[in-house]
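To start, the structure itself, in structure tokens.
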Amino acid sequence: MRRAVSLAWHYFRLAVMNELQYRMNFFIQLLESAIALVTALVVLALVYSHTDTLGGWNRYELQALLGVYTVLMAVIRVSMQPNIDRLIGDIHQGNFDFVLTKPMDAQWQVSIREVRVWQLIDVVAGLLIMGDAVWRLGRQISLWQAGLFGVTLLLGIAILYAVWMLIGCIAFWAIRIDNVFELFDNVASAGRLPVTIYPGWMRIILTYIVPMAFAVTVPAEVITARVDLATVGVQAVVALGFLGLLRVVWRWSLTQYSGASA
Amino acid sequence: MQQLFSVYTKMTTTSTQVMLQYRLTNLFWLLGMVFEPLIYLVMWRTVASQQGGSVAGYSIASLTGYYIAWTLVRQWNIALTPFGFEQRVRQGQLTPLLLRPLHPFHYDLADFIALRIVGTLYWIPIGVGLVWFLHPQLSGDPLVIGLFCVSLVLSFLMRFVLVYALGMAVFWTTRVSALFNLYFAVETILSGRLVPQALLPAWTQTIANFLPFRWSFGFPIEIIIGKLSLSQILTGIGIQCAWGLGAAVVFGWLWRAGIKRYSAVGA
Numbered sequence: 001m002r003r004a005v006s007l008a009w010h011y012f013r014l015a016v017m018n019e020l021q022y023r024m025n026f027f028i029q030l031l032e033s034a035i036a037l038v039t040a041l042v043v044l045a046l047v048y049s050h051t052d053t054l055g056g057w058n059r060y061e062l063q064a065l066l067g068v069y070t071v072l073m074a075v076i077r078v079s080m081q082p083n084i085d086r087l088i089g090d091i092h093q094g095n096f097d098f099v100l101t102k103p104m105d106a107q108w109q110v111s112i113r114e115v116r117v118w119q120l121i122d123v124v125a126g127l128l129i130m131g132d133a134v135w136r137l138g139r140q141i142s143l144w145q146a147g148l149f150g151v152t153l154l155l156g157i158a159i160l161y162a163v164w165m166l167i168g169c170i171a172f173w174a175i176r177i178d179n180v181f182e183l184f185d186n187v188a189s190a191g192r193l194p195v196t197i198y199p200g201w202m203r204i205i206l207t208y209i210v211p212m213a214f215a216v217t218v219p220a221e222v223i224t225a226r227v228d229l230a231t232v233g234v235q236a237v238v239a240l241g242f243l244g245l246l247r248v249v250w251r252w253s254l255t256q257y258s259g260a261s262a
Numbered sequence: 001m002q003q004l005f006s007v008y009t010k011m012t013t014t015s016t017q018v019m020l021q022y023r024l025t026n027l028f029w030l031l032g033m034v035f036e037p038l039i040y041l042v043m044w045r046t047v048a049s050q051q052g053g054s055v056a057g058y059s060i061a062s063l064t065g066y067y068i069a070w071t072l073v074r075q076w077n078i079a080l081t082p083f084g085f086e087q088r089v090r091q092g093q094l095t096p097l098l099l100r101p102l103h104p105f106h107y108d109l110a111d112f113i114a115l116r117i118v119g120t121l122y123w124i125p126i127g128v129g130l131v132w133f134l135h136p137q138l139s140g141d142p143l144v145i146g147l148f149c150v151s152l153v154l155s156f157l158m159r160f161v162l163v164y165a166l167g168m169a170v171f172w173t174t175r176v177s178a179l180f181n182l183y184f185a186v187e188t189i190l191s192g193r194l195v196p197q198a199l200l201p202a203w204t205q206t207i208a209n210f211l212p213f214r215w216s217f218g219f220p221i222e223i224i225i226g227k228l229s230l231s232q233i234l235t236g237i238g239i240q241c242a243w244g245l246g247a248a249v250v251f252g253w254l255w256r257a258g259i260k261r262y263s264a265v266g267a
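Line by line, the protein sequences are chains S and G. Okay, so the first sequence: first residue is 1 according to the working numbering, each after it adds one. Okay, so the second sequence: first residue is 1 according to the working numbering, each after it adds one.
Here it is as structure tokens:
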């Protein structure tokens, strides 16, 4: 366990050192994050220039949700997507052999190898607009609520990790799967609105297939004080369920790998 | 001219056949593309129903029509992005293209026409399904439908040339992704992709009329949902042609100036 954590730390340190060579990229990323953020806030302002509430969420509650969404999508770009892209490349070129021969759990290895450090700016940006929204709502956030928010956010990350890795496992069978990710990205962008707003069939997709309902909506519900502990419990069960499913599928996928170079 | 035409037909046929090979990939791609407007539609339908059935002159049925037409117009709005062009210049892939007998632009355009044909074929069942289930308000007038098709093709050509010309910036610097993203962010808001133009504040609408974005996206949609009068449609088609031709002139100029600076990487 300690070795697993220290390995992740080393990969992270390497990524930081690597990216610090390209400092200009920091400013480019800053500019691009600002563009994306301003666009999102403009849309928010547009919607609420025509109405006071959207599906029971007022402007700043929805801004808080947007903050949570921004954080989670950034986590995907910081770590999940680059790691999975590398995994897919390794499977196709046979480099996955090198992962299997190392004395560390293969799933853990392929999950920590890549870190896009500059993308962390979006995590900060998401937390900032969420903080701004909570402040404007003028509600007291208790320590308990903040802690619960942290837990639900981590569970949300776990859920997205499991779903993204499950799609990545398709690479053990199929060759071109970039469009599958594009489809899931598009579906995931539905997380910008509270899931309760969608019609039934979309809600089913967003709950069971791409569980944005649990990943984004639940943490946002915690921070806007509209959730009970039972929902958080369900979220935890869903997260564990997806992680368990991933473990089973991962083991099964490994048996499919024959090594392109062997 | 005749030779050019036959090159286009050959290239388009070949590319169409290549693209039709990847059926599942195409399907996933199209499904993803339909999901995006569904989110906007749900959002504005919720707003409209909270405001008593309509928002800024858009009823729920016309909003539905807007976002269904959106899926087809989005198809025809795909162009060779500057990012694609950046990769060509940075990795030197442009060099072999320069050796071909025709200007690279022609090969790209033929390729993208093929994509539009394949995309539209795939779109038809989805479009019919959406119309069937969602009961949108669309114009049934054959003249309007004809003019819609004309403006659809023009929106493709106009945006293709514009975005291609934008890609020429790569000849001067390869650090342009922030510039391109800014362009696309402004386009997203002002073109009508995110919201129908009528829902923007009045001053923004005025600005949008003087920029190209609206004419390549929101304009054809507004035709088919019956928001525009005949004279408005004809004026708009004229504006589309003007933007397309203007962009072509600027592109020719930028290309001639830029290609001199191109030092083939990897040659």
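C-beta atoms are modelled at their ideal positions from N, C-alpha and C, and glycine is treated no differently.
Burial state of residue i, where buried means 16 or more other Cβ atoms lie within 10 Å
| i | result |
| --- | --- |
| residue 99/S | buried |
| residue 220/S | buried |
| residue 263/G | exposed |
| residue 142/S | exposed |
| residue 59/G | exposed |
| residue 67/S | buried |
| residue 167/G | buried |
| residue 169/S | buried |
| residue 18/S | exposed |
| residue 202/G | exposed |
| residue 228/G | buried |
| residue 119/S | buried |
| residue 209/G | exposed |
| residue 155/G | buried |
Under 8 Å from the C-beta of residue i: neighbouring residues of chain S
| i | result |
| --- | --- |
| residue 42/G | 193, 197, 198, 199, 202 |
| residue 18/G | Those do not exist, as residue 18/G stays about 13 Å from chain S at its closest Cβ, beyond 8 Å. |
| residue 51/G | 50, 51 |
| residue 199/G | 46, 50 |
Reduced DSSP secondary structure (H/G/I, E/B, other) of residue i
| i | result |
| --- | --- |
| residue 201/S | helix |
| residue 262/G | coil |
| residue 53/S | strand |
| residue 269/G | There is simply no residue 269/G to check, as chain G begins at 1 and stops at 267 in what is shown. |
| residue 269/S | The question about residue 269/S has no answer, for chain S in this structure spans 1 to 262. |
| residue 168/G | helix |
| residue 225/G | coil |
| residue 151/G | helix |
| residue 258/S | coil |
| residue 234/S | helix |
| residue 14/G | helix |
| residue 3/S | helix |
| residue 21/G | coil |
| residue 251/S | helix |
| residue 180/G | helix |
| residue 5/G | helix |
| residue 192/G | coil |
Chain G residues whose Cβ lies nearer than 9 Å to that of residue i
| i | result |
| --- | --- |
| residue 189/S | 35, 36, 39 |
| residue 28/S | 175, 177, 178 |
| residue 207/S | Result: empty, since nearest Cβ-Cβ is about 15 Å, beyond 9 Å. |
| residue 83/S | What residue 83/S touches in chain G: nothing, since even the nearest Cβ is about 21 Å away. |
Residues that residue i contacts on chain S, provided the C-beta gap is smaller than 9 Å
| i | result |
| --- | --- |
| residue 22/G | 176, 179 |
| residue 102/G | What residue 102/G touches in chain S: nothing, since even the nearest Cβ is about 30 Å away. |
| residue 181/G | 31, 32, 35, 36 |
Cβ of residue i within 9 Å of any chain A Cβ
| i | result |
| --- | --- |
| residue 67/S | Here chain A cannot be found, since the structure's protein chains are S and G. |
Under 7 Å by beta carbon: chain G residues contacting residue i
| i | result |
| --- | --- |
| residue 42/S | 189 |
| residue 31/S | 178 |
| residue 183/S | 28, 31, 32 |
heavy atom of the ligand PLP below 8 Å from residue i C-beta
| i | result |
| --- | --- |
| residue 207/S | The model on display carries no ligand, and the ligand PLP is accordingly not part of it. |
Contacts that residue i makes with chain S (C-beta to C-beta distance below 7 Å)
| i | result |
| --- | --- |
| residue 47/G | 47, 50, 51, 54 |
| residue 25/G | 176, 179 |
| residue 195/G | 46 |
| residue 55/G | 50 |
Within the chosen definition, does the stretch 233–241 of chain G reach the stretch 216–224 of chain G through at least 3 CB pairs nearer than 8 Å? Contact between the stretch 233–241 of chain G and the stretch 216–224 of chain G is present, with at least three C-beta pairs closer than 8 Å.
Start-end ranges of the alpha helix (DSSP H) lying completely within the stretch 71–145 of chain S, minimum 4 residues: Fully enclosed alpha helix (DSSP H) runs of 4 or longer: 81–93, 96–100, 106–112, 120–137.
Are three or more beta carbon pairs between the stretch 21–31 of chain G and the stretch 39–51 of chain G nearer than 8 Å? no
Given 8 Å as the limit, is there contact between the stretch 250–261 of chain S and the stretch 146–153 of chain S, that is, 3 or more CB pairs closer than that? no
Complete beta strand (DSSP E) runs within the stretch 140–219 of chain S (minimum length 3 residues, chain order): none
Counting only runs that start and end within the stretch 50–137 of chain G, where is the beta strand (DSSP E) found for 3 or more residues in a row? none
Any contact between the stretch 79–88 of chain G and the stretch 171–188 of chain G? By contact I mean 3 or more CB pairs, one from each, below 8 Å. In short, these stretches touch, since the Cβ pair count reaches three.
Is the stretch 126–143 of chain G touching the stretch 95–107 of chain G in the sense that three or more CB pairs, one from each, lie closer than 8 Å? The stretch 95–107 of chain G, when compared against the stretch 126–143 of chain G, does not touch it at the 8 Å Cβ threshold.
Say whether the stretch 39–55 of chain S touches the stretch 182–189 of chain G, bearing in mind that this needs 3 or more beta-carbon pairs closer than 8 Å, one atom from each stretch. yes
Inter-stretch contact at 8 Å, needing at least 3 Cβ pairs: the stretch 214–234 of chain S / the stretch 177–196 of chain S: Yes, they touch.
Would you mind listing the alpha helix (DSSP H) stretches within the stretch 5–36 of chain S that are 4+ residues and don't spill past its ends, in chain order? none
Below 8 Å, how does it come out for the stretch 95–110 of chain S and the stretch 152–162 of chain S: are there three or more Cβ pairs, yes or no? no
Looking at C-beta atoms only, is the number of pairs between the stretch 134–145 of chain G and the stretch 55–69 of chain G that lie closer than 8 Å three or more? yes
When you compare the stretch 28–48 of chain G with the stretch 45–56 of chain S, are there three or more beta-carbon pairs, one atom per stretch, that lie closer than 8 Å? yes
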